[in-house]
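Q: The structure is given below, and queries will be raised subsequently.
Protein chains in written order, with this note's numbering: chain A, 2 to 497; chain C, 115 to 237.
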């Protein structure tokens, strides 16, 4: 075996091994350094994987040397490689940011545990992405979710605990639904390997016959995954969880966790059922309505929020609507748009939540009234917010524009004019809620009794501005993510 | 016949709905966790039912001289193994949930959902 053949397992093993190391050393700075090294190494590995996939071809790894239908096998094609880049890239940026932000929000005794949990969550998300085994996916999903509950519960305010509890209840119900779905699929086919599942469904002619077990399995899987990705109307856990979690956790989860759930949905609905089947086309129509309602309703709710972190959480729900909308078109352009929006949304929401973290680091809270006069006091942070906001609206020359453009192109291709209007309406609503903050920050006078708040420290600023540059760079030259997303969409559309 | 013959699946469905109802209807955080446990246990039952074959034994190689009878049908052991993993996940979930409940009790002084909400709103 060549060294590159081991890349898929190295990707997961590094953060998983680094997690106990953080606790063993018991020192917050050592724990932070270990976590940083692990995150950067896995980011490097994910780049190597992406290069390998795009030059040589897809990458497989059989754990313990057991071949595919019997053993657990990891399998990486364009889609996994792309999601791996998103997850590990955001983690690699969030950790340098974490040191000061975590030092302020979490007491120093718990900090090694915090980094350890963050790494376990990271390993879980990477594991879901690399694995080609349905049950293994469930185990990794629970690994990442359980650590996410604990991480959210570490938030500075006591409401973080109730938010984490609410997320735990809804997340566990979602995970159990996924477990039922996988079990029913197993009872139909006798296999858990995703490629073998697709193969068995075709060979035994289960797919074309009107099999009720198959329908039930996919109903459970879709509802369970919609709970995990917070698709409207199953989004109730998300606003509280994102609002009260520590800043770094919000950055990390908002940019990665929901994307990975969408990735799972893509795998189940396009790789296993396959494109063009009646079941898959019905599925597209069913998720169309929740995704459109998410875009409109969540954007309108976001306009009325006074806690800006909460406003951005509602905006995340709307953006998940855009991604799912791309999937529901079930065309190559639609899928490209959806997958590309996963990447672009990670860039912009990562950036906007980093701005929130920086403001709460200096000011203490992120209510709308706290933003008064911040345009003068924290000029660089607020410029980053404006640029991230422009990307969120989908203004040309930002990353957000590219994915909205492709989404509209996909809708026009199949002649759904009414949906184009709704997409544009969603963007207009985004203009309104971003503008409220910008107006307060730049045009409202500062509060009279005001302590001197300076610009955010450099270690918060650098990751933030790397994301600003990424937002603009990928808005001007989007060839790299676009190519990966397009290849991934072609694989999904082609079936096996 | 087939309705009664599938009694284990009916038990799974009844348990699932009971657990789900408890999670939705109860305001006490511990009771919610109990409901969640019943809910996930029903899935264990579903999986184990799938692996069971009538008149089958455990998949162990039997020395033919010692057991000359025709025991040649084996139950599928894989669902059992999967459920062992799922049980561990369930235990971990309950532990995290209980730990959160303890912390909620420390900070709020109650574990009743409506009282917690009232305390949050009064701020």
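Note that the Cβ used here is the ideal one computed from N, Cα and C, for glycine as well.
The model shown is predicted, which means the values in this text are computed figures rather than measured ones.
1. Three Cβ pairs or more, each shorter than 8 Å: is that satisfied between the segment 61-78 of chain A and the segment 317-330 of chain A?
2. Output needed in chain order: residues of the segment 153-173 of chain A with a Cβ under 8 Å from some Cβ in chain C.
3. Can you tell me whether DSSP reads residue 115 of chain C as helix, strand or coil?
4. Note down, in chain order, every chain C residue with its Cβ under 7 Å from the Cβ of residue 151 of chain A.
5. If you pair each beta-carbon of the segment 212-228 of chain A with each one of the segment 292-305 of chain A, do three or more pairs fall below 8 Å?
6. Of all the residues that make up the segment 129-144 of chain A, which are near chain C by a beta-carbon distance shorter than 9 Å?
7. With 8 Å as the limit, tell me which residues of the segment 193-208 of chain C have their beta carbon closer than that to any beta carbon of chain A; keep them in chain order.
8. If you follow the beta strand (DSSP E) that residue 77 of chain A is in, where does it begin and where does it stop?
9. Taking 8 Å as the CB-CB cut-off, is residue 184 of chain A touching chain C?
10. Extract the residue ranges of the alpha helix (DSSP H) inside the segment 189-255 of chain A, only unbroken runs of 4 or more that lie entirely within it.
11. Between which two residues does the beta strand (DSSP E) harbouring residue 62 of chain A extend?
12. Could you check the C-alpha separation between residue 141 of chain A and residue 258 of chain A for me, to the nearest Å?
13. Listing by chain order, which chain C residues have their CB less than 8 Å from the CB of residue 181 of chain A?
14. Between residue 238 of chain C and chain A, is any beta-carbon pair separated by less than 8 Å?
15. Kindly list, in the order they appear in chain C, the residues whose Cβ is closer than 8 Å to that of residue 188 of chain A.
16. Checking 8 Å against the spacing of the C-beta atoms, do residue 381 of chain A and residue 456 of chain A come in under that value?
17. Within 10 angstroms of its Cβ, does residue 444 of chain A collect 16 or more other Cβ (buried), or is it exposed?
18. Beta-carbon of residue 135 of chain C versus every beta-carbon of chain A: anything under 8 Å?
19. Determine whether the Cβ of residue 217 of chain C lies closer than 8 Å to any Cβ atom of chain A.
20. Give me the residue from A/177, A/417, A/162 and A/138 with the minimum Cα distance to residue 286 of chain A.
21. Report yes if the CB atom of residue 36 of chain A is closer than 8 Å to the CB atom of residue 119 of chain A, and no otherwise.
22. What are the residues of the segment 463-494 of chain A that lie near chain C, defined by any Cβ-Cβ distance shorter than 8 Å?
23. Under 7 Å between beta-carbons, which chain C residues line up against residue 147 of chain A? List them in chain order, please.
24. Short check: CB of residue 150 of chain C to CB of residue 129 of chain C, under 8 Å?
25. Can you say whether residue 141 of chain C is buried or exposed, counting buried as having 16 or more other CB atoms within 10 angstroms of its CB?
26. Would you mind working out which of A/342, A/300 and A/10 sits nearest residue 498 of chain A, comparing C-alpha positions?
27. Scan the segment 79-133 of chain A and note each continuous alpha helix (DSSP H) run of 4 residues or more that stays entirely inside, going in chain order.
28. Would residue 153 of chain A and residue 135 of chain A be called neighbours here (beta carbons separated by less than 8 Å)?
29. Run the CB neighbour count on residue 359 of chain A, radius 10 Å, all protein chains shown included, and call it buried at 16 or more, exposed below.
30. Starting from residue 359 of chain A and walking both ways along the alpha helix (DSSP H), at which residues does that stretch end?
31. So that I know if they touch, is there some Cβ in chain A lying closer than 8 Å to that of residue 234 of chain C?
32. Within 8 Å, do at least three Cβ pairs link the segment 418-427 of chain A to the segment 356-375 of chain A?
33. Within 10 angstroms of its Cβ, does residue 177 of chain C collect 16 or more other Cβ (buried), or is it exposed?
34. Assuming residue 461 of chain A and residue 304 of chain A form a contact by the criterion Cβ under 8 Å, report the distance between their Cβ atoms to the nearest whole angstrom.
35. Report the three-state DSSP secondary structure of residue 208 of chain C (helix, strand or coil).
36. Might you give, ordered along the chain, the residues of its own chain that have their beta carbon closer than 7 Å to the beta carbon of residue 24 of chain A, omitting 5 neighbours on each side?
A: Taking the structure as given:
1. Result no; under three Cβ-Cβ pairs closer than 8 Å.
2. From the segment 153-173 of chain A, only 154, 159, 160, 162, 163, 165, 166, 169, 170 and 173 have a Cβ closer than 8 Å to chain C.
3. For this step, residue 115 of chain C is matched to residue 1 along the second chain. Below a pLDDT of 50, predicted positions are generally treated as unreliable, and residue 115 of chain C, at 49, falls in that range; the measurement from the model is reported next regardless. Coil, per DSSP.
4. For the purposes of this step, residue 151 of chain A is taken as the residue at position 150 of the first chain. Around residue 151 of chain A, the beta-carbon contacts reaching into chain C at under 7 Å are 210.
5. Under the Cβ criterion (8 Å, minimum of three pairs), the segment 212-228 of chain A does not count as touching the segment 292-305 of chain A.
6. Flagged, chain order: 136, 139, 140, 143 and 144.
7. If the cut-off is 8 Å between Cβ atoms, the segment 193-208 of chain C has 193, 196, 199, 200, 203, 206 and 207 near chain A.
8. Here residue 77 of chain A is taken as the residue at index 76 of the first chain, counted from 1. Membership of residue 77 of chain A in the beta strand (DSSP E) is indicated by the continuous run 74-77.
9. As a position in the first chain, residue 184 of chain A is number 183, starting the count at 1. At least one chain C Cβ lies under 8 Å of residue 184 of chain A.
10. Taken in chain order, the complete alpha helix (DSSP H) segments of 4 or more residues contained in the segment 189-255 of chain A are 195-204, 213-230 and 238-245.
11. The residue given as residue 62 of chain A occupies position 61 in the first chain. 60-63 is the span of the beta strand (DSSP E), which, as asked, contains residue 62 of chain A.
12. Along the first chain, one-based indexing puts residue 141 of chain A at 140. Along the first chain, one-based indexing puts residue 258 of chain A at 257. If you take the alpha carbons of residue 141 of chain A and residue 258 of chain A, they lie about 12 Å apart.
13. Counting from 1 along the first chain, the entry for residue 181 of chain A is found at position 180. Proximity of chain C to residue 181 of chain A at the Cβ level (cut-off 8 Å) is accounted for by 157 and 160, in chain order.
14. Only positions 115 to 237 of chain C appear in this structure, which leaves residue 238 of chain C out of reach.
15. To locate residue 188 of chain A, count along the first chain from 1; it is residue 187. Taking the beta carbon of residue 188 of chain A as reference, the chain C residues within 8 Å of it are 164, listed in sequence order.
16. Locating residue 381 of chain A in the first chain gives position 380, where the first residue counts as 1. Locating residue 456 of chain A in the first chain gives position 455, where the first residue counts as 1. For residue 381 of chain A and residue 456 of chain A, yes; Cβs fall inside 8 Å.
17. On the first chain, position 443 is the one that residue 444 of chain A refers to. So residue 444 of chain A ends up on the exposed side.
18. For the purposes of this step, residue 135 of chain C is taken as the residue at position 21 of the second chain. False, the Cβ-Cβ gap to chain A never drops below 8 Å.
19. Taking the first residue of the second chain as position 1, residue 217 of chain C is located at position 103. For residue 217 of chain C, the answer is yes, since a Cβ of chain A falls inside 8 Å of its Cβ.
20. Taking the first chain and counting its residues from 1, one reaches residue 286 of chain A at position 285. For residue 286 of chain A, the nearest C-alpha among the options comes from A/417.
21. Here residue 36 of chain A refers to the residue found at position 35 when the first chain is read from its first residue. Here residue 119 of chain A refers to the residue found at position 118 when the first chain is read from its first residue. Yes, these two residues count as a Cβ contact at 8 Å.
22. Here the close residues number zero.
23. What you label residue 147 of chain A is simply residue 146 of the first chain in a count that begins at 1. Result: 206, 207 and 210.
24. Taking the first residue of the second chain as 1, we reach residue 150 of chain C at position 36. Taking the first residue of the second chain as 1, we reach residue 129 of chain C at position 15. Against a cut-off of 8 Å, the Cβ pair of residue 129 of chain C and residue 150 of chain C comes out as no contact.
25. Translated into positions along the second chain, residue 141 of chain C becomes position 27. With fewer than 16 other beta carbons inside 10 angstroms of its own, residue 141 of chain C counts as exposed.
26. Since the first and last residues shown for chain A are 2 and 497, residue 498 of chain A lies out of range.
27. Assignment of alpha helix (DSSP H) within the segment 79-133 of chain A, counting only whole runs of 4 or more residues, yields 79-106 and 112-131 in chain order.
28. As a first step, residue 153 of chain A is located in the first chain; it is residue number 152 there, counting from the start. As a first step, residue 135 of chain A is located in the first chain; it is residue number 134 there, counting from the start. No, Cβ-Cβ distance for residue 153 of chain A and residue 135 of chain A is not below 8 Å.
29. For this step, residue 359 of chain A is matched to residue 358 along the first chain. Residue 359 of chain A is buried by the Cβ-count criterion.
30. For the purposes of this step, residue 359 of chain A is identified with residue 358 of the first chain, where counting begins at 1. Element bounds for residue 359 of chain A: 333-363.
31. Within the second chain, numbered from 1, the residue matching residue 234 of chain C stands at position 120. With 8 Å as the cut-off, residue 234 of chain C counts as an interface residue toward chain A.
32. Flag = no, the segment 356-375 of chain A and the segment 418-427 of chain A do not touch.
33. Numbered from its first residue, the second chain carries residue 177 of chain C at position 63. Around the beta-carbon of residue 177 of chain C, fewer than 16 other beta-carbon atoms lie within 10 Å, marking it exposed.
34. The residue you call residue 461 of chain A lines up with position 460 of the first chain. The residue you call residue 304 of chain A lines up with position 303 of the first chain. About 28 Å; that fails the 8 Å criterion.
35. Here the question's residue 208 of chain C lines up with position 94 in the second chain. Helix.
36. On the first chain, position 23 is the one that residue 24 of chain A refers to. 113, 114 and 117.
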